[in-house]
Structure formats: structure tokens, C-alpha cells
Amino acid sequence: MKIKLLLFLTGTILLACQNSGPSSEAPKTAVTRIAFGSCAHQDKELPLLNVAAGLNPDVFLFLGDNIYGDTRDMDTLRAKYAKLAAKAEFQNLTGQTRVLAVWDDHDYGENDAGRHYPFKAESKEIFLDFWKVPADSDRRQHEGIYGVETLQTEGHLIQFILLDTRTFRDDLILRDSTDTVFKNDYVPNQNPDSTFLGEAQWEWLEKQLSTEADIRIIATSNQFSHAYNGWESWTNVPHERQRMIDLIRKTKANGVLFLSGDVHWGEISKLEVAGGYPLYDVTSSGITQTWDVIEPNGNRIGEAVPQNNIGLVEIQAAGDSTLLILSLYDAAGKAVVKHKVGLAELSF
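For reference, each letter of the sequence shown is one residue, going 684 to 1031 in my numbering.
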């Protein structure tokens, strides 16, 4: 069975299967592969991108910290993107698959920065140009880099919701060094006026969740479904996290799956939701970066992955029995964590 690209229009990819002729073999299950990763330092080798290419994904999602820019000099930022572009591993991956991207703090421009970063407009243009976002894309028509793409496969319409967790986010609340209740850098912000996405992006998101789709991949640079650990994440603005849960419930959006990065380790989290279905979050981090201490996570499924890793979602189309296989792969190309979820589980 060969895959033929039929049409690309306004960010939508339409795929159809063409049989080379009659066959007595039993029909094979249609499989769509979505690979993803985060935290790739442009000065280091990137063997995990070759692993990703070897998985033959239909789409690869860069989930932020795609470079370590960390600058207010836009020429420096461009030069660091150029280093990534020159990498053979990057060219190998991007030369054979569709690539989508969101940003996190280090490619946004400053560690843990939010809406007060003064060069966010300039950084946005560099980001969109580097990732070859078309000039007429809606992502260029509003503040921030959020946007939506779709992939029509043989069995399902897949929606990619690309969030911007930087441009509109209020500053987080630093933990007092004498505080023994919370840990690491940040405590939850209980101010109901504080925001993670900003009102314009929230309004846009409601429209996206209200449209038809079978599977909705929400790409968020920061983790969503894990337990609080004191680092940057949706748990630092708990009313905004609850707003996301409420919005999914309000729109009756089935098939939501979060993909995240940032923390320099990999894990799969499952957040149980009252009156809804469980929200899974697959965290793949990092392509080059690691962290010394992996925080506890009561929502974690299986073991955390301390080594460099790449994530993969395999969608095995089979009607009401469609299966999502969530995996994390190491540099040897071995699946070190794997969990299966029936698509029917992700529905109201």
C-alpha cells in the first residue's frame, strides 16, 4: 500500500491510500505516526532526530526549547536558529516529514519569561520564518504564535492545536526560600485574574475545540496533566488549568491528548477528570538536555525516562476500536515506555 499526497491547502494535509492492485492478503490496519520532542541545544549533536526520522512519522512536533536562544539580541537569536538548521540530523528529519512547532522560554528569548519579555514580537517573526509558516497563515495575523493544523488520514481527522504558553502568560510566583509547603521555584498563583493563555487565545481555543475532529493533539510546551512539582507548568496557574478542563467539557471535545516538553525528562501522565474523560499528557524531553532529579508525579503511568528521548503517538485506525499507542524512545531507538489507550476512552 502506497501513500500518495493529494492536496495541501491552508495547513490541511489530505492523505489517501492507493492499492497497487488486487491482493489476497488481509487488509492491514491503517497507522498514523506522530513523533515529537523538545529541548534541543543547537551546539550539541542531535542523534535523537535521526531516531525520530527512523520512526517514519507523518508529522513531527517540536514542542519548545527547539534552540537555546536566551537573548535580547535578535541577530544572536537568528544565528542560533541557523546552527540548528545546519545540523545534518535536523535536515534528515525535516527533509522527509511534515514539521510543526511551538515555542518555550529558551526559543522565545529568556528563561521562564512570559508576557513581559520586550522582544516577543521580533522573536515571533524569527520563529515563524524559521519554521516556514506561510505568509498568509492565521498565525501571522494575531499576537502570539498559536495556530491550528489538520491531518486527514484514512480513518480520522486529526487536529493539531498549537498553543502559545509564553506571549500572554503572567509572571509566576516565586517560592520563598523559607516555604516548606511548596518546593523548587514556583508556588501556585491563586489570583483569578492571572492568565496562562490570555483572553484572545482562550476565545480562539474554544472555537477550535468546537469544530469537528476525531483526535485533538494539544501541543503545549509546559506539562498539563502531571502533579505539581514546583517547576514551570499549568499547575502554577491552577484556575487556568481548570479552565482548560471546563472548556473541553463545555465543548464536548472528544479525543483530546496533550503533548508537552520542557522538564528534561520523559513521562506519561493521566489526569482523572470528574464528569469527563481522563486527560493524558505525554512529555518528551529532552532531545539533548537531561536533569539530575526527576520529581515525583502521582499521575505518572509507568516509569519516568531520565535519558534523552523522543515521543511517538501511533494511531491504529479500526473504527470504534481505534487504538492510540503512546511511547517514548531512547537514543538506541528502543521504546522504553509504552501505554495503549483506546480512542473510545477519550470521549464523553
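Note that CB positions come from ideal geometry on N, CA and C, so glycine has one too.
Just the Cα atoms here: how many angstroms apart are residue i and residue j?
i, j, result
"L855", "Q873", "11 Å"
"K687", "F843", "Any reading at K687 must be qualified, since the residue scores a pLDDT of 38, below 50, and its modelled position is unreliable; the value itself is stated next. When rounded, the distance between both Cα atoms is 21 Å."
"T1005", "A987", "26 Å"
"E805", "D790", "12 Å"
"F810", "V976", "31 Å"
"A1000", "I898", "11 Å"
"I750", "D787", "9 Å"
"P705", "P817", "Annotation note: pLDDT 38 at P705 (below 50); position unreliable, no value reported."
"G969", "F773", "15 Å"
"W914", "E923", "16 Å"
"G752", "K803", "13 Å"
"G1060", "S916", "In this structure the chain extends from 684 to 1031, so residue 1060 is not present and cannot be described."
"D929", "S893", "13 Å"
"Y829", "Y800", "17 Å"
"A902", "L846", "6 Å"
"S943", "S908", "10 Å"
"V920", "V965", "20 Å"
"Q891", "D758", "35 Å"
"V870", "P979", "16 Å"
"R926", "P875", "11 Å"
"F1031", "A936", "8 Å"
"E997", "T712", "12 Å"
"I717", "N739", "9 Å"
"L760", "G1002", "46 Å"
"D819", "E886", "21 Å"
What are the partner residues of residue i, as DSSP defines its beta bridges?
i, result
"L962", "L954"
"K1023", "I1008"
"G797", "According to DSSP, G797 bridges with nothing at all."
"A713", "A1000"
"Y869", "L857"
"S943", "T966"
"Q984", "For the sequence presented, residue 984 should be read as Ile rather than Gln. I984 pairs with I951."
"I898", "I841"
"A1018", "Y1012"
"R781", "V742"
"I993", "Y1012"
"G830", "L845"
Since I believe residue j is in contact with residue i (beta carbons under 8 Å), could you give me their beta-carbon distance rounded to a whole number of angstroms?
i, j, result
"A910", "N982", "5 Å"
"L1034", "A1015", "Lying outside 684 to 1031, the shown extent of the chain, residue 1034 is not represented and no answer is given."
"R858", "A796", "About 18 Å; that fails the 8 Å criterion."
Below 8 Å, is the gap between the Cβ of residue i and the nearest heavy atom of the ligand ZN?
i, result
"K727", "Summarising the ligand content, the structure contains no ligands, and the ligand ZN is consequently not present."
Given residue i, which residues of its chain have a CB within under 8 Å of its CB, disregarding the five upstream and five downstream residues?
i, result
"P961", "K953, L954, E955, E1028 and L1029"
"G958", "R932"
"G1025", "S1004, T1005, L1006 and L1007"
"N775", "L732, N733 and A736"
Residues in its own chain within less than 7 Å of residue i by CB, not counting five upstream and five downstream?
i, result
"V737", "In the sequence under discussion, the amino acid at residue 737 is Gly, which differs from the Val named in the question. If we look at G737 and ignore the five residues flanking it on each side, its Cβ neighbours are G1016."
"Q972", "C722, H724 and H947"
"F851", "R798, G827, T878, L880, G881 and Q884"
"N905", "T848, E915, S916, W917, S943 and D945"
"V939", "R899, I901, I931, L962 and L1029"
"L729", "A723, K770, E772, F773, I970 and T971"
If I measure Cβ to Cβ from residue i and keep anything under 6 Å in the same chain, skipping five residues before and after, which residues do I get?
i, result
"E708", "Note on E708: pLDDT 48, under 50, position unreliable in the model; no value is reported."
"A1018", "S1010 and Y1012"
"W814", "A784"
"K1021", "S1010"
"F719", "L744, L746, L942, S967 and G994"
"V831", "I844 and Q891"
Would residue i pass as an interface residue toward chain B - the criterion being a Cβ-Cβ separation below 9 Å?
i, result
"K1017", "Structure shown: chain B not included; a single protein chain is present."
Practice task
Check whether the stretch 817-835 touches the stretch 861-869, counting contact only when three or more Cβ pairs, one atom from each stretch, lie closer than 8 Å.
Solution key: no
Exercise for the section: Say whether the stretch 942-950 touches the stretch 978-995, bearing in mind that this needs 3 or more beta-carbon pairs closer than 8 Å, one atom from each stretch. Expected result: The count of Cβ pairs closer than 8 Å, one atom from the stretch 942-950 and one from the stretch 978-995, reaches three, so the stretches are in contact.
Exercise for the section: Check whether the stretch 781-788 touches the stretch 740-750, counting contact only when three or more Cβ pairs, one atom from each stretch, lie closer than 8 Å. Expected result: Touching, yes.
Exercise for the section: Kindly confirm or deny that the stretch 718-726 and the stretch 766-776 touch, where touching means at least three C-beta pairs closer than 8 Å. Expected result: yes
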